[in-house]
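The working numbering applies: residue 15 is where the sequence shown begins, and numbers increase by one. Note that the Cβ used here is the ideal one computed from N, Cα and C, for glycine as well. What follows is a single structure, written as C-alpha coordinates, with notes after it.
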Amino acid sequence: MNAFIWALLAASIWGIVPLLEKLGLAKVEPLVGVFYRSLGVVVGLLLLGAFMLKPQQIKAIDLRSAGFLILGGFLASILAQICFYNSLKIGEVSRVVPISGSYPLIAFMLGMLILGESVSLIKAAGALLIVLGIWALKMG
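Here you go:
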(Lines of atoms letter the chains of each structure in order from A and count residues from 1; the text may use other names and numbers.)
(Lines give C-alpha, C1' and ligand atoms only; values in the text may rest on other atoms or scores of the structure.)
Protein backbone atom coordinates (compact mmCIF):
# COMPACT_ATOMS: atom_id res chain seq x y z
CA MET A 1 0.00 0.00 0.00
CA ASN A 2 1.15 3.52 -0.62
CA ALA A 3 1.34 6.41 1.86
CA PHE A 4 -1.99 7.88 0.73
CA ILE A 5 -3.92 4.66 1.42
CA TRP A 6 -2.25 4.23 4.82
CA ALA A 7 -3.11 7.86 5.67
CA LEU A 8 -6.74 7.35 4.64
CA LEU A 9 -6.97 4.24 6.80
CA ALA A 10 -5.50 6.15 9.76
CA ALA A 11 -7.93 9.04 9.20
CA SER A 12 -10.85 6.63 9.00
CA ILE A 13 -9.92 4.92 12.25
CA TRP A 14 -9.20 8.24 13.96
CA GLY A 15 -12.57 9.48 12.72
CA ILE A 16 -14.45 6.55 14.27
CA VAL A 17 -12.61 6.48 17.62
CA PRO A 18 -13.87 9.83 19.02
CA LEU A 19 -17.45 8.62 18.65
CA LEU A 20 -16.62 5.54 20.70
CA GLU A 21 -14.81 7.70 23.23
CA LYS A 22 -17.67 10.22 23.52
CA LEU A 23 -20.06 7.33 24.19
CA GLY A 24 -17.60 5.84 26.70
CA LEU A 25 -17.23 9.14 28.55
CA ALA A 26 -20.98 9.59 29.03
CA LYS A 27 -20.97 8.20 32.58
CA VAL A 28 -17.32 8.48 33.65
CA GLU A 29 -14.77 11.16 34.40
CA PRO A 30 -12.15 11.92 31.74
CA LEU A 31 -9.24 10.55 33.82
CA VAL A 32 -11.06 7.23 34.18
CA GLY A 33 -11.56 7.27 30.44
CA VAL A 34 -7.83 7.80 29.83
CA PHE A 35 -7.08 4.88 32.14
CA TYR A 36 -9.37 2.51 30.26
CA ARG A 37 -8.24 3.77 26.86
CA SER A 38 -4.68 3.10 27.94
CA LEU A 39 -5.66 -0.47 28.80
CA GLY A 40 -6.60 -0.81 25.14
CA VAL A 41 -3.12 0.39 24.23
CA VAL A 42 -1.58 -2.19 26.57
CA VAL A 43 -3.59 -4.97 24.92
CA GLY A 44 -2.45 -3.70 21.53
CA LEU A 45 1.18 -3.63 22.68
CA LEU A 46 0.95 -7.20 23.95
CA LEU A 47 -0.48 -8.37 20.63
CA LEU A 48 2.11 -6.39 18.68
CA GLY A 49 4.93 -7.80 20.77
CA ALA A 50 3.64 -11.36 20.65
CA PHE A 51 2.79 -11.62 16.98
CA MET A 52 4.49 -8.91 14.95
CA LEU A 53 7.83 -7.89 16.49
CA LYS A 54 10.96 -9.90 17.00
CA PRO A 55 12.92 -9.38 20.24
CA GLN A 56 15.99 -8.27 18.28
CA GLN A 57 13.92 -5.52 16.63
CA ILE A 58 12.88 -4.19 20.02
CA LYS A 59 16.45 -4.26 21.31
CA ALA A 60 17.97 -2.68 18.19
CA ILE A 61 17.09 0.92 19.03
CA ASP A 62 19.46 3.59 20.26
CA LEU A 63 18.73 5.31 23.57
CA ARG A 64 18.09 8.71 21.98
CA SER A 65 15.48 7.34 19.55
CA ALA A 66 13.81 5.32 22.32
CA GLY A 67 13.70 8.42 24.53
CA PHE A 68 12.06 10.55 21.85
CA LEU A 69 9.48 7.84 21.10
CA ILE A 70 8.69 7.22 24.78
CA LEU A 71 8.32 10.96 25.42
CA GLY A 72 6.06 11.26 22.36
CA GLY A 73 3.95 8.37 23.57
CA PHE A 74 3.59 9.88 27.03
CA LEU A 75 2.71 13.33 25.73
CA ALA A 76 0.22 12.07 23.13
CA SER A 77 -1.31 9.11 24.95
CA ILE A 78 -1.51 10.58 28.44
CA LEU A 79 -1.24 14.38 28.61
CA ALA A 80 -2.93 15.26 25.32
CA GLN A 81 -5.50 12.51 25.84
CA ILE A 82 -6.47 14.00 29.22
CA CYS A 83 -6.95 17.39 27.55
CA PHE A 84 -8.90 15.81 24.67
CA TYR A 85 -11.18 13.80 26.97
CA ASN A 86 -11.96 16.84 29.12
CA SER A 87 -12.90 18.72 25.96
CA LEU A 88 -14.83 15.78 24.50
CA LYS A 89 -16.75 15.23 27.74
CA ILE A 90 -18.20 18.75 27.71
CA GLY A 91 -18.08 19.65 24.02
CA GLU A 92 -19.52 18.49 20.73
CA VAL A 93 -17.60 15.84 18.77
CA SER A 94 -18.15 17.88 15.60
CA ARG A 95 -16.25 20.81 17.10
CA VAL A 96 -13.79 19.20 19.50
CA VAL A 97 -12.29 16.73 17.03
CA PRO A 98 -11.47 19.18 14.22
CA ILE A 99 -9.99 21.71 16.64
CA SER A 100 -7.92 19.14 18.54
CA GLY A 101 -7.05 17.61 15.19
CA SER A 102 -5.45 20.84 14.04
CA TYR A 103 -2.12 19.61 15.41
CA PRO A 104 -0.67 19.53 11.87
CA LEU A 105 -0.56 23.34 12.06
CA ILE A 106 1.63 23.17 15.16
CA ALA A 107 3.76 20.43 13.62
CA PHE A 108 4.10 22.55 10.47
CA MET A 109 5.31 25.57 12.44
CA LEU A 110 7.70 23.52 14.60
CA GLY A 111 8.99 21.71 11.51
CA MET A 112 9.95 25.07 10.05
CA LEU A 113 11.38 26.53 13.26
CA ILE A 114 13.19 23.52 14.71
CA LEU A 115 13.85 21.20 11.78
CA GLY A 116 14.44 23.92 9.19
CA GLU A 117 11.83 22.56 6.80
CA SER A 118 10.96 24.69 3.80
CA VAL A 119 7.91 26.88 3.45
CA SER A 120 6.03 26.91 0.17
CA LEU A 121 2.97 28.77 -0.98
CA ILE A 122 0.95 25.53 -0.84
CA LYS A 123 2.06 24.77 2.74
CA ALA A 124 1.32 28.34 3.86
CA ALA A 125 -2.12 28.19 2.21
CA GLY A 126 -2.84 24.91 3.99
CA ALA A 127 -1.81 26.41 7.33
CA LEU A 128 -4.04 29.42 6.69
CA LEU A 129 -6.99 27.13 5.91
CA ILE A 130 -6.45 25.30 9.21
CA VAL A 131 -6.45 28.62 11.10
CA LEU A 132 -9.63 29.72 9.28
CA GLY A 133 -11.26 26.37 10.07
CA ILE A 134 -10.45 26.68 13.77
CA TRP A 135 -11.78 30.23 13.79
CA ALA A 136 -14.98 29.17 12.02
CA LEU A 137 -15.59 26.32 14.51
CA LYS A 138 -14.92 28.65 17.44
CA MET A 139 -17.32 31.29 16.13
CA GLY A 140 -20.08 28.93 14.96
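Query: Spatial distance of V133 from L45 (CA atoms); Result: 39 Å
Query: Cα-Cα separation between F65 and G140, rounded to whole angstroms; Result: 39 Å
Query: For E35 and G47, believed in contact at Cβ under 8 Å, the rounded distance; Result: 7 Å
Query: Residue-level contact to chain D via CB, V57, 8 Å cutoff; Result: The chain labelled as chain D is not found in the depicted structure, where only one protein chain is given.
Query: Cβ-Cβ separation, L135 to R109 (assumed contact under 8 Å), whole Å; Result: About 29 Å; that fails the 8 Å criterion.
Query: Buried versus exposed, by CB contacts within 10 Å (16 or more), Y50; Result: exposed
Query: DSSP-derived helix/strand/coil call for G29; Result: helix
Query: Where G147 falls: helix, strand or coil (DSSP); Result: helix
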